[in-house]
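What follows is one structure encoded as C-alpha cells, with my remarks underneath.
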Amino acid sequence: MDSILVTGNGALSGQIPIAGAKNTCLKLMCAALLTEEPLTLTNVPRLSDVKTLSELLESLGCEVALVQGGQAMMLSAAKIDNLTAHYDIVRKLRASFNVLGPMIGRFGEAVVSLPGGCAIGARKVDLHLSALEALGAEIELKEGYVHAHARNGLKGTEIEFPFVSVGATENALCAAVLAKGTTVLKNVAQEPDAVALAHCLMAMGADIEGAGTSQMVIRGVDRLHGTTHRVIADRIELGTYMIAPAIAGGSVELLGGERYLVAALADKMEEAGIEIAETATGLSVTRGNGPVRAVDVTTAPFPGFPTDLQAQMMAMMCTAEGTAVLEETIFENRFMHAPELIRMGAKIDVHGGVAKVTGVDRLKGAPVMATDLRASVSLILAGLAAEGETLVSRVYHLDRGYEQVVRKFSGVGAKIERIHDA
Ligand SMILES: CC(=O)N[C@H]1[C@@H](OP(=O)(O)OP(=O)(O)OC[C@H]2O[C@@H](n3ccc(=O)[nH]c3=O)[C@H](O)[C@@H]2O)O[C@H](CO)[C@@H](O)[C@@H]1O
Ligand SMILES: C=C(OP(=O)(O)O)C(=O)O
1 MDSILVTGNG ALSGQIPIAG AKNTCLKLMC AALLTEEPLT LTNVPRLSDV
51 KTLSELLESL GCEVALVQGG QAMMLSAAKI DNLTAHYDIV RKLRASFNVL
101 GPMIGRFGEA VVSLPGGCAI GARKVDLHLS ALEALGAEIE LKEGYVHAHA
151 RNGLKGTEIE FPFVSVGATE NALCAAVLAK GTTVLKNVAQ EPDAVALAHC
201 LMAMGADIEG AGTSQMVIRG VDRLHGTTHR VIADRIELGT YMIAPAIAGG
251 SVELLGGERY LVAALADKME EAGIEIAETA TGLSVTRGNG PVRAVDVTTA
301 PFPGFPTDLQ AQMMAMMCTA EGTAVLEETI FENRFMHAPE LIRMGAKIDV
351 HGGVAKVTGV DRLKGAPVMA TDLRASVSLI LAGLAAEGET LVSRVYHLDR
401 GYEQVVRKFS GVGAKIERIH DA
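Here the UniProt record's numbering is used: the first residue of the sequence shown is 1, the next is one more, and so on.
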C-alpha cells in the first residue's frame with residue numbers, strides 16, 4: 001500500500017486548479033441509467049471512485065467511455081442487461097447505492113447490495129427505501145441485498161423526509177422523474193450535488209421545480225433523453241486546499257473555486273483571521289502575519305458546515321490560538337483522525353460527537369494512518385506545518401477523492417511525495 005511523505009516546508013504560494021466534484025459526478029453517472037440515450041459529462045474528476053462506479057455501471061450493461069484524458073465521459077444505458085448491482089463493487093463506495101432509484105424508475109426492478117463507503121458511522125438506507133416504497137416499490141431485504149419491484153410502475157406521492165439525507169433525496173428524485181403523476185419531496189437536501197443532479201435531469205427532459213430549496217415538485221414524464229452536463233467544482237477539494245495556506249502560511253488561489261460552494265467554511269476561516277477574496281478566476285486565500293484564532297464549528301446539512309470538511313478544520317485548529325469546539329452531527333464515528341493528529345502532538349479531547357482542540361505552537365511529524373478519505377487529507381494538511389516528516393499510510397482512501405494530490409500540493413511549494421509500495 002502506497003504512503004505519502006510530507007515535510008513541513010514553510011509558506012505556500014501559487015495556484016491550484018479545482019477538479020469536478022466527486023459527489024456530484026457519481027450521482028450524475030447513476031442518472032445515466034434513466035435513459036437509453038447517451039449522457040455526456042465534462043469536468044469529470046480522475047478518481048478511483050469514478051473508475052469503480054464505471055465498473056459497476058458496465059456490469060449492468062452500460063457503456064462507459066472516457067475521453068479528453070479522462071475528463072469527459074460518455075455513458076450509454078441503451079442495452080442494460082443485468083439489474084443486479086453486486087456487493088463486491090457496491091461495498092467500495094456509498095454512492096453506488098444510487099443506481100437503485102434510476103433502475104427501479106426505468107425498469108421497475110432492481111437488486112442492489114447494501115452499500116459500503118467510508119466507515120464513519122452506521123449510514124443506514126431506511127430513508128432511501130421508505131421513499132421508494134411510498135412511490136409504490138415493493139422492497140425486500142435478502143442476504144445483504146435490496147430487492148425492489150414496481151411491476152405496475154411507480155406513482156407520484158408526497159414524501160417528507162424526517163431529516164436531510166443527500167443520498168435519499170437523490171435516489172427518490174431519480175425514481176420520481178419517470179413515475180406517473182406528481183411527487184412532492186419535502187425537507188430535501190440543498191447540497192450543490194443534489195441541485196446539480198436536478199439540473200441535469202431537467203436538461204434530460206425531467207419536470208422538476210424547487211431544486212435548491214427544501215421542497216421539490218416532480219411531475220413524472222414518459223421518458224428522458226440524453227444531454228451534455230458539466231460537473232461543478234468540488235467544494236470539498238476546494239475547502240481542503242483553502243485550509244492549506246491557513247495552516248502552512250502564504251497565499252494560494254483556488255482556480256474555479258466559488259464562494260457559494262464553501263460559504264460556511266469561508267465565514268469560519270475569516271472569523272479565524274484568514275483573508276478570503278473572490279478573484280476573476282477563483283478564490284484566493286491568504287494567511288497574514290497574525291495568529292489563526294480558534295473557532296467553533298458544528299457540522300450540518302448545506303448550507304451549514306460540511307461534515308466532509310470537519311477533519312481538515314480540525315487539522316487547522318491544532319495550531320490555532322485558543323480552544324476550538326468541533327461538533328459532528330452527521331456521522332457518529334467521524335473523529336478517527338483525532339488519535340492520529342494526537343500522535344503528531346495535537347491536544348484533542350473527544351467525547352461523543354464533540355472534539356475540543358486546544359492549539360499548540362507546532363505539531364511534530366510522525367508516522368500516521370489514514371482511516372478514511374477526509375481523515376487522510378487532514379493528516380497531510382497537518383504535516384504541511386509540522387516539524388520534520390509525516391508519513392501518511394493507507395493512501396488508497398485519498399485516491400477515492402483527490403486527483404493528483406501530490407502534484408497540486410507541490411505546485412504551491414509543499415514538500416510532498418508518494419512512496420510506492422515495493
Ligand atoms: C447531510 C450530509 O451532510 N450528507 C453528507 C453525506 O451524504 P450521504 O448521502 O452519504 O449521507 P446522508 O446525507 O444520506 O446522511 C445524513 C445522515 O442521515 C443518516 N441516514 C441517511 C440515510 C438513511 O436512509 N438513513 C439515515 O439514518 C446518515 O447515517 C447520516 O447520519 O455524506 C457525504 C459523504 O461524506 C457528504 O458529501 C454529504 O454532504
Ligand atoms: C465519505 C465520503 O465518501 P463515501 O460517502 O463514498 O464514503 C466523502 O466523500 O467524504
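Every residue, glycine too, gets a C-beta built ideally from N, C-alpha and C.
| field | I120 beta carbon near ligand 2 (any heavy atom closer than 7 Å) | value | yes
| field | Own chain partners of I342 with C-beta closer than 8 Å, once the 5 adjacent residues on each side are dropped | value | I348
| query | Quick one, which of L201, A244, G282, T228 has its alpha-carbon nearest F409's? | reply | A244
| field | Length of the line joining the Cα atoms of G304 and S165 | value | 14 Å
| At which residue ranges does the segment 207–261 contain complete beta strand (DSSP E) runs of 3 or more residues, listed in the order of the chain? | 207–209, 215–219, 227–230, 250–255
| Same chain, Cβ closer than 7 Å to T157, neighbours up to 5 away in sequence not counted | A134, L135, T183
| said: Can you check which of these residues, G273, T299, D296, is closest to G288 by C-alpha distance? | reply: G273
| request: Would you mind stating whether I104 and A150 have Cβ atoms separated by less than 8 Å? | output: yes
| task | Compute the Euclidean distance between the alpha carbons of E209 and P115, then round it to the nearest angstrom. | result | 29 Å
| Where DSSP assigns a beta bridge to M74, which residues make up the other side? | T40, A65
| Option nearest E226 by Cα separation, candidates G250, E160, L201, I247 | As written in the sequence, residue 226 is Gly, which differs from the Glu given in the question. That would be L201, whose Cα lies nearest to the Cα of G226.
| Name the DSSP bridge partner or partners of G282? | L255
| Any heavy atom of ligand 2 within a distance shorter than 7 Å of the CB on D193? | no
| Under a Cβ-count criterion, where at least 16 other Cβ atoms within 10 Å of its own Cβ denotes burial, should T228 be classed as buried or exposed? | exposed
| field | Own chain, CB closer than 8 Å to V221, minus 5 neighbours either side, in chain order | value | V177, L178, G205, A206, D207
| message | To the nearest angstrom, how far is the alpha carbon of F163 from that of E278? | response | 33 Å
| query | Do L185 and I218 have their CB atoms nearer than 8 Å? | reply | yes
| In chain order, each alpha helix (DSSP H) run of at least 4 residues that lies wholly inside the segment 339–413 | 373–384, 396–399, 405–410
| Quick one: any contact between the segment 48–59 and the segment 81–97, if contact means 3 or more CB pairs under 8 Å? | yes
| said: In the DSSP output, which residue or residues are listed as bridge partners for F305? | reply: T299
| request: Report back the beta-carbon spacing between I4 and V392 to the nearest angstrom; my notes put them in contact at under 8 Å. | output: 5 Å
| Cβ of A233 within 8 Å of Cβ of E253? | no
| Would the C-beta of R46 count as close to ligand 1, meaning under 7 Å from any of its heavy atoms? | no
| query | How long is the line joining the alpha carbons of H337 and T307, rounded to whole angstroms? | reply | 13 Å
| task | Please classify V195: is it buried, with 16 or more other beta-carbons within 10 angstroms of its beta-carbon, or exposed? | result | buried
| field | Separation of T281 from residue 502, as counted between CA atoms | value | Nothing about residue 502 can be reported from this structure: the residues present for the chain run from 1 to 422 only.
| request: Could you tell me the distance, in whole angstroms, from the CA atom of M269 to the CA atom of E275? | output: 8 Å
| Just the Cα atoms here: how many angstroms apart are N187 and T213? | 9 Å
| Whose CA, out of A32, L93, T323, lies closest to the CA of V64? | A32
| message | Using a Cβ-Cβ cutoff of less than 6 Å, which residues in the same chain neighbour T42 once the five nearest sequence positions on both sides are dropped? | response | A72, R230
| said: Taking the alpha-carbon of V405 as reference, which of G8, A11, I18 has the nearest alpha-carbon? | reply: I18
| message | In whole angstroms, give me the CA-to-CA distance for Y260 and P192. | response | 9 Å
| DSSP puts T323 in a beta bridge; with which residues? | T358
| said: Following a CB-centred definition, is A95 positioned closer than 7 Å to any heavy atom of ligand 2? | reply: yes
| request: Check each candidate in A370, D421, V354 and name the one with the smallest Cα separation from V325. | output: V354
| query | In terms of residues, what are the limits of the beta strand (DSSP E) holding K415? | reply | 415–419
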